[in-house]
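Chemist:
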Amino acid sequence: MRRYGHPPEEGTRYTPRAGVYAILPQGGSLLLTHQAEPDPEFQLPGGGVDPGESPLRALHREVYEETGWHIADARRVGVYKRYAYMPEYDKWAEKLCTIYVARPVRPKGAPTEPGHSAIWMPADMAVDLMADPGSVAMVARLIR
Numbered sequence: 350m351r352r353y354g355h356p357p358e359e360g361t362r363y364t365p366r367a368g369v370y371a372i373l374p375q376g377g378s379l380l381l382t383h384q385a386e387p388d389p390e391f392q393l394p395g396g397g398v399d400p401g402e403s404p405l406r407a408l409h410r411e412v413y414e415e416t417g418w419h420i421a422d423a424r425r426v427g428v429y430k431r432y433a434y435m436p437e438y439d440k441w442a443e444k445l446c447t448i449y450v451a452r453p454v455r456p457k458g459a460p461t462e463p464g465h466s467a468i469w470m471p472a473d474m475a476v477d478l479m480a481d482p483g484s485v486a487m488v489a490r491l492i493r
């Protein structure tokens, strides 16, 4: 499996964490989330799969929480691994990131996740501004 970002640090204990993320294209732009804290950054909407939750259910929940949008027609396009510190949980994680492409259907309201904003951005600009190198690679592959 492809790994993006920093290699694991020797002596650090990593907790496995499954996550799902959505590439949401429409008219040459992508719907991203901007997370204000702990570090301001643009991201693909998504996040962790809760215990007992299916990946697709988690995808719909996370996209709604971070953007306020409902989605449809999700299809898996890739998976990668990354090692990262998760300050909101105060733990190091071995993240297994599954990426989907889905159709943004309609906004239902503002994001419910504190500190998140829904942002439409031209796809080529998103590649330059997103923080996660794995997400960048997946989007770049999709828009080629």
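Numbering (this note's numbering), first residue to last: 350 to 493. By construction, the Cβ of each residue, glycine as well, lies at the ideal position given by its N, Cα and C atoms.
1. Cβ atoms of P356 and Y432: under 9 Å apart, would you say?
2. To which residues of the same chain is H409 closer than 7 Å at the C-beta, ignoring the five residues directly before and after it?
3. Is there contact here, the region 367 to 375 with the region 474 to 493, by at least three beta-carbon pairs under 8 Å?
4. For R425, which residues of its own chain have a beta-carbon under 8 Å away from its beta-carbon, when the five flanking residues on both sides are left out?
5. Jot down the residue ranges of each uninterrupted alpha helix (DSSP H) in the region 391 to 424, minimum 4 residues, whole runs only, in chain order.
6. G368 and G396 look like a contact to me (Cβ under 8 Å); what is the Cβ gap, rounded to whole Å?
7. If you drop the 5 nearest sequence neighbours on each side, which residues of the same chain put their C-beta closer than 8 Å to that of P365?
8. If you compare alpha carbons, which of P389, A407, L393 is closest to D399?
9. Which residues mark the beginning and the end of the beta strand (DSSP E) in which G380 is found?
10. Hey, could you find the ends of the alpha helix (DSSP H) L478 is sitting in?
11. Under 8 Å by Cβ, that's how I've got A385 and G464 pegged, so tell me the actual separation to the nearest angstrom.
12. Have a look at I492 and S466 and give me their C-alpha separation to the nearest angstrom.
13. Go ahead and pull the three-state DSSP assignment for R490.
14. Give a yes or no on whether 9 Å exceeds the smallest Cβ distance from R424 to chain B.
15. Just curious, the beta strand (DSSP E) that E443 is in, first and last residue?
Modeler: The answer reads as follows:
1. At the C-beta level, Y432 and P356 come within 9 Å of one another.
2. I420
3. yes
4. T447, I448, Y449
5. 404 to 416
6. Their Cβ separation, rounded to whole angstroms, is 6 Å, which keeps G368 and G396 in contact under 8 Å.
7. When the five nearest sequence neighbours on each side are left out, the beta carbons in the same chain lying within less than 8 Å of the beta carbon of P365 are those of A442, E443, L445, in order along the chain.
8. A407
9. Strictly speaking, residue 380 in this sequence is Leu, with Gly absent from that position. Run containing L380: 378 to 384, per the beta strand (DSSP E) assignment.
10. Segment 472 to 478, the alpha helix (DSSP H) holding L478.
11. 4 Å
12. 23 Å
13. It is helical.
14. This model lacks chain B altogether; it includes just one protein chain.
15. 440 to 456
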